[in-house]
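S.K.: The structure follows.
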Amino acid sequence: MRTKFSRLTNGLFNSAADVLLWQIGLMGGSFGKTHTSVGAYRSIAEASDFLREVNHNTLRGAWQYLKRQGLVETFKKDVFCEPIITLKAEKRLKSLIPVYQKRRPWDKRIYIITYDIPETLAKSRNLLREQLKTLGAAGLQQSVWICPYNLETVLDDFVEKNGIEGTIILSDTGTDGGIGSETIENLIIRVYKLRALNDEYREFLNLTSKKDADKTTLAIHYLSILKSDPQLPFKLLPYWWLGDEAYKAYRKFIKKK
0 MRTKFSRLTN GLFNSAADVL LWQIGLMGGS FGKTHTSVGA YRSIAEASDF LREVNHNTLR
60 GAWQYLKRQG LVETFKKDVF CEPIITLKAE KRLKSLIPVY QKRRPWDKRI YIITYDIPET
120 LAKSRNLLRE QLKTLGAAGL QQSVWICPYN LETVLDDFVE KNGIEGTIIL SDTGTDGGIG
180 SETIENLIIR VYKLRALNDE YREFLNLTSK KDADKTTLAI HYLSILKSDP QLPFKLLPYW
240 WLGDEAYKAY RKFIKKK
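If you count by numbering that gives the first Met the number 0, then the sequence shown holds residues 0 to 256, one letter each, in order.
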C-alpha cells in the first residue's frame with residue numbers, strides 16, 4: 000500500500016524525512032538560515048508551497064529523525080544556523096533520486112530475452128522479471144522481453160546464482176534486423192509505452208510555463224516521470240520525444256533557486 004508521502008510525491012519519496020532531506024539539499028542553506036537549529040527546518044518548510052501542505056508535527060518528527068541519523072547538521076555562521084546535508088545523506092538521496100543519463104551508448108542491436116522457468120521456481124522467475132525491469136528491459140510477451148543493451152553477463156550471473164541453467168536464452172536482431180513485421184521504432188514505442196510517457200513530459204512542460212508554479216512541486220513532478228523513463232538510447236527515441244526538452248526545462252528552473 001502506498002504511503003501518504005508516496006502518493007503526494009508520485010512514488011518518488013515514501014516518507015516526510017526523505018522529502019525534507021531532499022528539500023534541504025535542493026534549496027541550499029540560504030533558505031534555512033535562522034537563529035536556532037529547530038527554526039532551520041521551519042524556514043525550509045515555509046519556503047516551499049509543497050511542504051506547507053505537510054503537518055507541522057510530521058515535519059518536526061522528520062527533522063529530529065534526520066538529526067539522529069546523522070543526515071543533516073546545522074552549521075553556525077555568524078548568528079545564524081544553516082542546515083546542510085551530510086555525505087551520508089548524499090548517498091541516501093542518490094539511491095532515491097533518478098539521474099538523467101546524458102550518455103547512452105548503443106550497439107544498434109535489440110536483444111531478446113526468452114525464458115522458460117517452471118512454476119516450482121516461481122520465486123526465481125519473479126526476481127528475473129524485477130531485475131529485467133531495473134536493467135531497462137520491457138516485456139514483449141509473457142516470457143519474452145526485449146532490451147537495447149546486452150545483458151549476457153548479468154543473465155549468466157543470475158542463472159548461476161539461482162541454479163536455473165538452461166532456462167534463459169539471449170539472442171539479438173543484428174544491426175539491421177527487426178522483430179516480425181513491426182518496425183523497431185514502432186515496437187519500441189509500443190512496448191515501452193513512450194506515447195503515454197511523452198504525454199506526461201508535455202504536461203510537465205505546460206506547468207513550467209506558469210509563472211506561479213511552485214518549483215518544488217515541479218521538480219517532484221519531473222523526477223517522478225524520469226523515474227519511469229527507461230532512458231533509451233537517443234537513436235531509438237522518436238522525433239516527437241519531449242524527454243530532452245523536459246530535462247532542459249527542469250535544469251533551468253532548478254538553477255534559479
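Using N, Cα and C, we set each Cβ at its ideal position, and we do this for glycine too.
1. Of all the options Phe-203, Ala-136, Asn-125 and Leu-86, which has the alpha carbon lying nearest to the alpha carbon of Leu-150?
2. Would you say Phe-252 touches the ligand SAH, meaning its beta carbon is less than 8 angstroms from a heavy atom?
3. So is Ile-224 buried or exposed if we call it buried at 16+ other beta carbons inside 10 Å?
4. With the cut-off set at 9 angstroms, would you say Leu-86 and Trp-21 are in Cβ contact?
5. State the CB to CB distance for the pair Val-153 and Leu-134, rounded to an integer number of angstroms; the pair is presumed to be in contact (CB under 8 angstroms).
6. Among the residues of its own chain, which have a CB less than 7 angstroms from the CB of Leu-241, if the five just before and after it don't count?
7. Pick out whichever of Leu-92, Glu-81, Ala-15 and Tyr-99 has its Cα sitting closest to the Cα of Gly-60.
8. So what does DSSP say about Glu-199, is it helix, strand or coil?
9. Check whether the region 167 to 182 and the region 211 to 227 touch, using three or more Cβ-Cβ pairs below 8 angstroms as the test.
10. Determine whether the beta carbon atoms of Pro-232 and Trp-144 lie at a separation below 9 angstroms.
11. Over what stretch of residues does the alpha helix (DSSP H) that includes Leu-154 continue unbroken?
12. Which stretch, first to last residue, makes up the alpha helix (DSSP H) that contains Val-190?
13. Below 9 angstroms between beta carbons: does that hold for Leu-206 and Pro-147?
14. Buried or exposed: which applies to Ile-168, given that a residue is buried once 16 or more other Cβ atoms fall within 10 Å of its Cβ?
15. Express the C-alpha separation of Gly-173 and Ile-109 in angstroms, rounding to a whole number.
16. Taking the alpha carbon of Ser-170 as the reference point, which residue from Lys-210, Ile-111, Lys-192 and Arg-189 has its own alpha carbon closest?
17. Looking at Tyr-114: is its Cβ nearer than 9 angstroms to the Cβ of Thr-166?
18. Could you give the uninterrupted runs of the alpha helix (DSSP H) lying entirely in the region 91 to 141, keeping only those of 4 residues or more?
19. Nearest CA to the CA of Ser-142: which residue from Glu-159, Pro-117 and Val-158?
20. In three-state DSSP terms, what is Lys-210?
M.R.: Looking at the atomic coordinates:
1. The residue with the shortest Cα to Cα distance from Leu-150 is Ala-136.
2. Ligands in the displayed structure: none, and consequently the ligand SAH is not present.
3. buried
4. no
5. Rounded, the Cβ-Cβ distance is 6 angstroms, consistent with contact.
6. Same-chain partners within the cutoff: Asn-197, Tyr-200, Arg-201 and Leu-204.
7. If you compare the alpha carbons of Leu-92, Glu-81, Ala-15 and Tyr-99 with that of Gly-60, the shortest gap goes to Ala-15.
8. If DSSP states are grouped into helix, strand and coil, Glu-199 belongs with the helices.
9. Verdict: no, contact absent.
10. no
11. 151 to 161
12. 183 to 190
13. no
14. When all chains shown are included, Ile-168 counts as exposed.
15. 7 angstroms
16. Ile-111
17. yes
18. 121 to 133
19. Pro-117
20. coil
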